[in-house]
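Before any comments, here is the structure.
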Amino acid sequence: MQTSQPIGPPAVSDPHKIAETFVNGPISLNIVNGLATLTLTTIRPDLHQAMSGSQVSNYDAIVSARLVMPLNMLVEIKQLLARSLQEQHLATGSARTQ
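At position 12 of the sequence shown (counting the first as 1) the number is 810 in the numbering used here, and the numbers step up by one without a gap.
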């Protein structure tokens with residue numbers, strides 16, 4: 799018996815109400831054995847300085863999210879970002895010619 803593949807993209811749902819995570823710091827990418835690990839960070843003031851009431855001069859990059867995916871999924875993300883950024887540039891009239 800052969801199983802048929804679904805036609806079209808699968809329906810998307812969010813039953814667990816996954817929270818958005820803000821990131822603004824350095825990003826790391828590691829690829830091993832066909833799996834890509836994308837680590838995202840957020841820059842935050844040093845907790846000890848902030849809690850002591852003194853002037854904050856040190857900041858930390860705190861890991862906020864770590865995504866692990868097959869390499870082909872990373873390629874799909876790259877293509878989606880490239881298309882989206884190109885569309886954004888075209889929409890704002892700031893497209894660059896290469």
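We treat Cβ as the ideally placed atom computed from N, Cα and C, and that holds for glycine. Please read these numbers as outputs of a predicted model, since none were measured by experiment.
Simplified DSSP assignment, three categories, for residue i
i    : result
A817 : coil
N831 : coil
I805 : coil
S811 : coil
V873 : helix
S882 : helix
Neighbourhood of residue i by C-beta distance below 8 angstroms, restricted to the same chain and skipping five residues each side
i    : result
P824 : T839 and A859
Rounded Cβ spacing between residue i and residue j (contact assumed at less than 8 angstroms)
i    : j    : result
L836 : L865 : 5 angstroms
P843 : V854 : 4 angstroms
Sequence-distant residues of the same chain with beta carbon closer than 7 angstroms to residue i, five excluded per side
i    : result
V810 : none
Pair within 7 angstroms by beta-carbon distance, residue i and residue j
i    : j    : result
M867 : A817 : no
S862 : V821 : yes
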